[in-house]
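Undergrad: Note that the sequence shown ends on residue 291 in numbering that gives the first Met the number 0; no numbers are left out.
Even glycine gets a Cβ: it sits at the ideal position worked out from N, Cα and C.
Fair warning: this is a prediction, and the values are worked out from it, not measured in the lab.
Structure in structure tokens, see below.
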Amino acid sequence: MTELVIVADPTSEPPVLLSVTPESAGWAHTSLWIVSLSADEGISLESEADEILVVPLAGSAAVTCGDTRFELQGRASVFDGPTDFAYVGRDSEFSIDSEFGGRFALCGARAAAQHPFRYVAAEAVAVEQRGAGNCSRQIHNFATADEFEADSIIACEVITPGGNWSSYPSHKHDENTDTETELEEIYYFEIAPGPTGERGFGYQRIHGTPARPIELLAEVHSGDAVLVPHGFHGPSIAAPGHDMYYLNVMAGPGDVRAWRITDDPEQAWIRAAWTDAAIDPRLPFGRVPDRP
Numbered sequence: 000m001t002e003l004v005i006v007a008d009p010t011s012e013p014p015v016l017l018s019v020t021p022e023s024a025g026w027a028h029t030s031l032w033i034v035s036l037s038a039d040e041g042i043s044l045e046s047e048a049d050e051i052l053v054v055p056l057a058g059s060a061a062v063t064c065g066d067t068r069f070e071l072q073g074r075a076s077v078f079d080g081p082t083d084f085a086y087v088g089r090d091s092e093f094s095i096d097s098e099f100g101g102r103f104a105l106c107g108a109r110a111a112a113q114h115p116f117r118y119v120a121a122e123a124v125a126v127e128q129r130g131a132g133n134c135s136r137q138i139h140n141f142a143t144a145d146e147f148e149a150d151s152i153i154a155c156e157v158i159t160p161g162g163n164w165s166s167y168p169s170h171k172h173d174e175n176t177d178t179e180t181e182l183e184e185i186y187y188f189e190i191a192p193g194p195t196g197e198r199g200f201g202y203q204r205i206h207g208t209p210a211r212p213i214e215l216l217a218e219v220h221s222g223d224a225v226l227v228p229h230g231f232h233g234p235s236i237a238a239p240g241h242d243m244y245y246l247n248v249m250a251g252p253g254d255v256r257a258w259r260i261t262d263d264p265e266q267a268w269i270r271a272a273w274t275d276a277a278i279d280p281r282l283p284f285g286r287v288p289d290r291p
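Right, dumping it as structure tokens:
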């Protein structure tokens, strides 16, 4: 299942460091590009059949579509709390320009309807602390179905303190039922280095059902991506000493835009263990704004 892991290529030439499309992934809906811009550099793009979220990972930029320009303040790193972002509808020409340089995620999903170009401030992003103890993690629900209007895309960020587990219990969303929605998913990782720059790492698991087998246990590093076409996914495990960030991008064929999941029945019991446990005191990460 090594085709499910896209390892960061140190020889990649900017501006595009990572490209996942439905064609390259072998599925139908979900995309992700990681773009690196030097100071005073820009890139012009067309969304075509995708709706796109422009999310600063490190640095700031201006996003222009038509006669409208939004200044994204961004952040120093993914561990500095939520960021502002821009939404670009399908069939749109747009550009990204960065005065000081930076790294940006372009989260994409096939869209049937066109929604307007718009901006969301960091202060409007819903921040959630999920789990407890060594399963504590921080969620930035910047483009989840309940928080942001879109055609099909669902996206969020997860920050897991070093030594903790997230995406746990393992869960799946690969069929459309009353309790589950079919969604392809991309995990994009950035891992904090050690105190003197040591390369960080973590682990990602995927496992399937008897009817649809799939199996992966992969070591992941900064810049890597993991594709989840189906099956139970998680845990995502941050190595001790190395905080883990991942960006989740999802989309699917269902008529309802929703994140409905089924827990692995052998792991679901862990949720009850969090009831009386304390949240990891290392949370929250970065500047977490008070929502208006």
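#1: Closer than 7 Å by C-beta to residue 192: which residues in its own chain qualify, once you throw out the five before and the five after it? Chain order, please.
#2: Following the continuous beta strand (DSSP E) through residue 138, name the residue where it begins and the one where it ends.
#3: Flag this pair as yes or no: are the beta carbons of residue 41 and residue 91 separated by less than 8 Å?
#4: Straight-line CA distance for residue 51 to residue 113?
#5: What's the call for residue 184, buried or exposed, on a 16-neighbour Cβ count within 10 Å?
#6: Just reading off the alpha helix (DSSP H) that residue 224 is part of, what are its end residues?
#7: Would you report the Cα separation of residue 273 and residue 131, rounded to the nearest angstrom?
#8: Measure the C-alpha to C-alpha separation of residue 228 and residue 135 and round it to an integer number of angstroms.
#9: Roughly how many whole angstroms lie between the Cα atoms of residue 285 and residue 210?
#10: Please check the pair residue 102 and residue 33, which I expect to be a contact at CB under 8 Å, by giving their CB distance rounded to whole angstroms.
#11: What residue does the alpha helix (DSSP H) around residue 269 start on, and which one ends it?
TA: Per the coordinate set shown:
#1: In the sequence shown, the residue the question calls residue 192 occupies position 193. Exclusion of the five residues before and after residue 192 leaves 198 and 199 as the residues of its chain whose Cβ lies within less than 7 Å of its Cβ.
#2: Within the sequence shown, residue 138 is the residue found at index 139, counting from 1. It spans 136-142 - the beta strand (DSSP E) in which residue 138 sits, taken as one unbroken run.
#3: Counted from its first residue, the sequence shown places residue 41 at position 42. Counted from its first residue, the sequence shown places residue 91 at position 92. With contacts defined as CB atoms closer than 8 Å, residue 41 and residue 91 fail to qualify as a contacting pair.
#4: Counting from one through the sequence shown, the residue named residue 51 turns up at place 52. Counting from one through the sequence shown, the residue named residue 113 turns up at place 114. For residue 51 and residue 113, the distance between alpha carbons rounds to 11 Å.
#5: Numbered from 1 along the sequence shown, position 185 holds the residue referred to as residue 184. So residue 184 ends up on the buried side.
#6: Taking the sequence shown and counting its residues from 1, the one referred to as residue 224 is at position 225. DSSP places residue 224 in no alpha helix (DSSP H) but in the uninterrupted beta strand (DSSP E) bounded by 224-227.
#7: Translated into positions along the sequence shown, residue 273 becomes position 274. Translated into positions along the sequence shown, residue 131 becomes position 132. Rounded to the nearest angstrom, the two C-alpha atoms are 5 Å apart.
#8: Start at 1 with the first residue of the sequence shown, and residue 228 comes out as number 229. Start at 1 with the first residue of the sequence shown, and residue 135 comes out as number 136. Distance between the alpha carbons of residue 228 and residue 135: 26 Å.
#9: Along the sequence shown, one-based indexing puts residue 285 at 286. Along the sequence shown, one-based indexing puts residue 210 at 211. Roughly 42 Å between the two C-alpha positions.
#10: Against the sequence shown, residue 102 aligns to sequence position 103. Against the sequence shown, residue 33 aligns to sequence position 34. About 7 Å separates the two Cβ atoms, so the contact holds.
#11: Taking the sequence shown and counting its residues from 1, the one referred to as residue 269 is at position 270. In this chain, the alpha helix (DSSP H) harbouring residue 269 covers 269-272.
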